[in-house]
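K.L.:
Before I ask anything, let me first share the structure, which is written out below as structure tokens.
Numbering (the numbering used here), first residue to last: 26 to 168.
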């Protein structure tokens, strides 16, 4: 019978975090930055609250990485991972209040990639544009 208490889940997460910390201590902390680019906290040299903080940080890092992996696999919801180069725009309630309704609708749909572009129409099954253009291309290439 599976233990469904929250405490059991917390203990399991803590033990996984501790294993990950010990693995990092054995392997060393260089990852993509190279040797000596960051200062490392060693599990064996810390005490008390620092050890708890290290476990909590490791659990957070693991949860963040699983969340990002899950989001990237979804085409619409994962778009925020590509927004590094997006221009920041701040709108006040006053700006929104004085905008035309169609402009507000366009802004919201553009942010969430819901505009009826060719790619979105094909994704939603509204058109077979790509299949049609491929057939036309084959017809033209035959002549």
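Quick reminder that beta carbons are idealized off the backbone N, C-alpha and C, glycines included.
By DSSP, does residue 67 sit in helix, in strand, or in coil?
P.N.:
coil
K.L.:
Determine the DSSP secondary structure at residue 140, reduced to helix, strand or coil.
P.N.:
coil
K.L.:
Measure the C-alpha to C-alpha separation of residue 75 and residue 43 and round it to an integer number of angstroms.
P.N.:
13 Å
K.L.:
Is residue 79 helix, strand or coil when you go by DSSP?
P.N.:
helix
K.L.:
Return the Cβ separation of residue 134 and residue 140 in integer angstroms, given the expectation that the two are a contact with Cβ distance under 8 Å.
P.N.:
5 Å
K.L.:
Between which two residues does the alpha helix (DSSP H) holding residue 118 run?
P.N.:
118-123
K.L.:
Taking three-plus beta-carbon pairs below 8 Å as touching, is the stretch 117-127 in contact with the stretch 82-91?
P.N.:
no
K.L.:
On the criterion of 16 or more Cβ atoms from any shown chain inside 10 Å, does residue 34 qualify as buried, or is it exposed?
P.N.:
Counting Cβ neighbours within 10 Å, residue 34 comes out exposed, since fewer than 16 surround it.
K.L.:
I'd like the list of long-range same chain contacts for residue 38, defined as Cβ closer than 7 Å, with 5 residues on each side in sequence excluded.
P.N.:
84
K.L.:
Measure the C-alpha to C-alpha separation of residue 68 and residue 50 and round it to an integer number of angstroms.
P.N.:
Using only the alpha carbons, I get a separation of about 7 Å.
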